[in-house]
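Structure first, then comments.
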Amino acid sequence: MDAIVLQILNGLDKGGAYALIALGLTIIFGTLGVVNFAHGALFMLGAFCAVTVKALLSLEKVALDPTQTTAWGTPLEIRTPYVEAWFGDFGTAMLNYSVPISILIAIPVMLLIGVSMERGLIRFFYKRPHAEQILVTFGLAIVLQEIVKSLFGANPIPQPAPDAAKGMIDFGVAIGFQAGNVVYPAWRLIYFLFSVAIIGGVFAFLQFTTFGMVVRAGMADRETVGLLGIDIDRRFTIVFGMAAVVAGLAGAMYTPILSPDYHMGMDFLVLSFVVVVVGGMGSLGGAVVAGFTLGILQSFASMNEVKDILPGIDQIIIYLIAVVILLTRPRGLMGRKGVMEH
Amino acid sequence: MKDFKINRRKMLQGTALAGAGIAAPMVLTSRAFAASYTNEPKGGTVTLGFNVPQTGAYADEGADELRAYQLAVEHINGEGDGGMLNTFSSKALKGNGINGKKVVYVTGDTQTKSDAARASAKRMIEKDGAIMITGGSSSGVAIAVQGLCQDAGVIFMAGLTHSNDTTGKDKRANGFRHFFNTEMSGAALGPVLKNAFGSERVAYHLTADYTWGWSQEGSIKKYTEELGWNTSAAVRTPLGAGDFSQYITPVLNSGADVLVLNHYGRDMVNSLTQAVQFGLRDKQVNGKDFAIVVPLYSRLMAQGAGENVKGIFGSTNWHWSLQDEGSKAFVKSFGQKYGFPPSQAAHTTYCQAILYADACQRAETFRPSGVGAALEGFKFDGLGNGPTEYRAEDHQCFKDVLVVKGKENPSSKFDVLEVVEVTPRKQVEYPAELLGGELGPYNDGA
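Going down the list, the sequences are from chains D and L. Residue numbers for the first sequence follow my numbering, beginning at 668 and rising by one. Residue numbers for the second sequence follow my numbering, beginning at 549 and rising by one.
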């Protein structure tokens, strides 16, 4: 039983990332009608916001020690981070909390990237066929990941969680298990709660603000909203930026779980598209439900007991479920009639 | 009876025929009239083909390989400080290229994909005239390119490839490997693990689901079970899984007290980082401290795992902190040129370039069968691994193997591993027939 609870927890934190990326994809598709294959790259760029913040905070003052030499004969470099030299313990704490700090930086940066992407490229493809949208956004994703690789290299770059969130939480005690049987990394639980908070925030924004009401109206009937004299394009630009922020935050917070590298966006992109399709194209609720559900099912499929019966099921489970859902419910779990049907 | 008259004309004709008859066997076996071989160098240069991952997940390792090749070419051509040529036991190379021809090179991008690696090797052989192909950071790629070089009739000097199969069931006459293999890793690590963790342990393997992973898992299981360890499970994980949490959580309550991560590259960084996140390094099971083992370490990859490598055992082909004269010369030469120490991938590729050049020089030819014969059974020293031999039976180098551990207090970002034992060559040697396969005949091509 404890194994099942652990796999549910695994599925929830993994599903959190899927849901956040899929949510952004669905928002963009629902509002702009654009199939954005560069969305995984936005997740990756968010992660590299965290890498950049840590790199900036780790900028070092280099002093040469002529009394010592390196193995290759040059004077030894004594390196001290500037923040530690300038701020002492506070500087050390800033380094330790670089990932949470990067969240604050990632919001304006990702918003800027999202708006620039939409204004600079995506808007020219609104009325073009989906195949062309896919080609151009996929090309953009490759360009972005190659830029990141040239700047940061190909190897994963470790981003430790703050010391306070590095430990394990005995989650099982809270739900009646013996102590020590269901322990789970604190940062992963934080990630799950963070993803729930972001999803809740996006839904609240769309549901309870005038801006959100206009966007929802635009998603339902863009033409009519335009006829009412509302500049829906300007709002949709902001929506694109918002989706980029959601993907970026998901990426930045995920860095202590998965050391970021230039390819991480592509790894998540395909799965997130499956999540969107299973949830129903254009359905925000469907993306969230499908994200968490597929995350949990993927975790269960990796259990040895399941793999003993169905070898290799862990590698195909998501696609298998997608096939089954699409055969039985062609519009996905919560898909709306008329979306992608013309 | 007809008179037999000898005149001057008949005398000359007879002498010429007799001379030709006597000289024919010698002329036909001399190099001047022998059949040529693939890309036989005709001018003043000889072209080597460096096939390394320049894009993809192992691009950083490939870049380090390329740096080492460029350094080796400089040294072979008599430029720079000479590096390990100064400490190499063979003094055949004179600093004027190979067999008097200046070395030039072309490069290819393997992308760590077998088909891409074969395509780039084929291009370098057919269009650029490469006489030898070398490099790579993956066993799948090495085996694929080795097969292509065998068919094309050029020598393949493997780069970083650790699977037994490269010089086991998939070995080829034209292929040579300096890097160690999983069998040697198991033989070196086994006794160290026993000393560190005792003989009553239960191991749980997570294994990358491809040729190298299977090979590594098999070797570590074999040697740890010989020491008395039990294997509770060996779970295959998809290559590039990213998040391994669903494979790690079953370990928590499995009763195992050792986790063996048969992963390399990104997979190793992620699975190790996540295993530490799940508290495995600090856990106690069966009254013992839980242990994590990474059988194949790479310093470049270990940097990616950051502080998570602390105290974790593994093996490696070479490490820049070694204090023998060869290693010191190489680290100095590489460090002064590039500003940081070389990786094990850089070391093995540098050695391969030097060993190939030396073999050509000693054989006085670039003909693959001649070069191969010079490499087979070649014993040498001074290249950083102590006394080494290219075994004739399988074209595998045999030398000491390093057991390393993640350093507790690194002094720099390069100083992440410490050498805990240099396992002597005789402890990691095995009979050539153990890993199967047939070298077959050399192919000189053309």
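Glycine residues also receive a C-beta, built at the ideal position from the N, C-alpha and C atoms. Given the structure is predicted, the values throughout are model-derived calculations rather than measurements.
What beta strand (DSSP E) runs, 3 residues minimum, are completely inside the segment 844-870 of chain D?
850-852, all fully within the segment 844-870 of chain D.
DSSP has residue 909 (chain L) in a bridge; who is on the other side?
Note: residue 909 (chain L) sits in no beta bridge, so no partner.
Taking 8 Å as the threshold (C-beta atoms), are residue 742 (chain D) and residue 732 (chain D) in contact?
In this structure, residue 742 (chain D) lies closer than 8 Å to residue 732 (chain D) by Cβ.
If you run the structure through DSSP and keep just helix, strand and coil, what is residue 727 (chain D)?
Reduced to three states, the DSSP call for residue 727 (chain D) is strand.
Would residue 619 (chain L) count as contacting chain D if we go by Cβ distances under 8 Å?
No, because no Cβ of chain D sits closer than 8 Å to the Cβ of residue 619 (chain L).
In its own chain, which residues sit with a C-beta less than 8 Å from the C-beta of residue 832 (chain L), not counting the 5 before and 5 after it?
Closer than 8 Å at Cβ, skipping near neighbours: 838.
Note down the Cα distance separating residue 793 (chain D) from residue 656 (chain L), rounded to an integer number of angstroms.
Using only the alpha carbons, I get a separation of about 40 Å.
Going by CA-CA distance only, name the one from D:758, D:960, D:798, D:802 that's closest to residue 939 (chain D).
It is D:960 whose Cα lies nearest to the Cα of residue 939 (chain D).
Rounded to the nearest angstrom, how far is the Cβ of residue 697 (chain L) from that of residue 677 (chain L), given a contact under 8 Å?
Not really, about 14 Å apart at Cβ, beyond 8 Å.
Please report whether the beta-carbon of residue 629 (chain L) lies at a distance below 8 Å from any beta-carbon of chain D.
Chain D, which has no Cβ nearer than 8 Å to the Cβ of residue 629 (chain L), makes this no.
For residue 904 (chain D), which residues in the same chain have their Cβ closer than 7 Å to its Cβ, ignoring the five residues on either side in sequence?
Contacts found: 782, 785, 786.
Following the continuous alpha helix (DSSP H) through residue 995 (chain D), name the residue where it begins and the one where it ends.
Run containing residue 995 (chain D): 980-995, per the alpha helix (DSSP H) assignment.
CA-CA distance, residue 787 (chain L) and residue 822 (chain D)?
Going from the Cα of residue 787 (chain L) to the Cα of residue 822 (chain D) covers about 16 Å.
Going by C-alpha to C-alpha distance, which of L:966, L:908, L:954 sits closest to residue 1014 (chain L)?
What is shown of chain L runs 549 to 994, which leaves residue 1014 (chain L) out entirely.
Starting from the C-beta of residue 1016 (chain D), find all residues in its chain whose C-beta is less than 8 Å away, skip the five residues before and the five after it, and write them out in chain order.
Chain D is shown from 668 up to 1009; residue 1016 (chain D) falls before or after that span and cannot be answered.
With burial defined as no fewer than 16 other Cβ atoms inside 10 Å of the residue's Cβ, what is the status of residue 668 (chain D): buried or exposed?
The residue in question, residue 668 (chain D), is exposed, as its Cβ has fewer than 16 Cβ neighbours within 10 Å.
Can you grab the Cα-Cα spacing for the pair residue 700 (chain L) / residue 719 (chain D), in whole Å?
Cα to Cα, residue 700 (chain L) sits roughly 47 Å from residue 719 (chain D).
Between residue 843 (chain L) and residue 868 (chain L), is the Cβ-Cβ spacing less than 8 Å?
No, the Cβ-Cβ distance between residue 843 (chain L) and residue 868 (chain L) is not below 8 Å.
Tell me residue 938 (chain L)'s beta-bridge partners as DSSP assigns them.
Looking at the DSSP assignment, residue 938 (chain L) forms a beta bridge with L:945.
Cβ atoms of residue 969 (chain D) and residue 795 (chain L): under 8 Å apart, would you say?
Yes, Cβ-Cβ distance for residue 795 (chain L) and residue 969 (chain D) is below 8 Å.
Let's see if you can read the secondary structure: which residues bound the beta strand (DSSP E) around residue 842 (chain D)?
Neither: residue 842 (chain D) is in no beta strand (DSSP E) and is coded neither H nor E.
Which residue marks the beginning of the alpha helix (DSSP H) containing residue 914 (chain L), and which one marks its end?
Careful: residue 914 (chain L) lies outside any alpha helix (DSSP H) and carries neither H nor E.
Under a three-way DSSP split, which group does residue 798 (chain L) fall into?
Residue state, collapsed to three classes: helix.
Does the distance from the C-beta atom of residue 797 (chain L) to that of residue 677 (chain D) stay below 8 Å?
Contact flag set, yes.
For the beta strand (DSSP E) containing residue 845 (chain L), name the first residue and the last one.
Careful: residue 845 (chain L) lies outside any beta strand (DSSP E) and carries neither H nor E.
Using a C-beta cutoff of 8 Å, does residue 868 (chain L) count as contacting chain D?
Yes, because at least one Cβ of chain D sits closer than 8 Å to the Cβ of residue 868 (chain L).
Which one of L:649, L:895, L:607 has the shortest CA to CA distance from residue 631 (chain L)?
Of L:649, L:895, L:607, the residue nearest in Cα terms is L:895.
Could you spell out where the alpha helix (DSSP H) holding residue 677 (chain D) opens and where it closes?
It spans 669-699 - the alpha helix (DSSP H) in which residue 677 (chain D) sits, taken as one unbroken run.
Relative to the alpha-carbon of residue 789 (chain D), which residue among D:911, D:830, D:964, D:997 has its alpha-carbon at the smallest distance?
Closest option to residue 789 (chain D), Cα to Cα, is D:911.
Residue 1014 (chain L) touches chain D at which residues, Cβ-Cβ below 7 Å?
The requested residue 1014 (chain L) is not part of the displayed model; chain L covers only 549 to 994.
So if I threshold CB-CB distances at 7 Å, which residues from the segment 671-692 of chain D count as touching chain L?
Those would be 673, 674, 677, 681, in chain order.
In the DSSP assignment, find the unbroken beta strand (DSSP E) run with residue 672 (chain L) in it and report its ends.
Careful: residue 672 (chain L) lies outside any beta strand (DSSP E), inside the alpha helix (DSSP H) at 662-674.
Starting from the beta carbon of residue 795 (chain L), find every residue of chain D whose beta carbon is closer than 7 Å, and list them in chain order.
Those within 7 Å of residue 795 (chain L) in chain D are 969.
Where does the unbroken beta strand (DSSP E) through residue 730 (chain L) begin, and where does it stop?
Not the beta strand (DSSP E): residue 730 (chain L) falls in the alpha helix (DSSP H), residues 730-745.
Applying the criterion that 16 or more other CB atoms from any shown protein chain within 10 Å of the CB defines a buried residue, is residue 871 (chain L) buried or exposed?
Classification for residue 871 (chain L): exposed.
Does DSSP put residue 752 (chain L) in a helix, a strand or coil?
Correct three-state label for residue 752 (chain L): strand.
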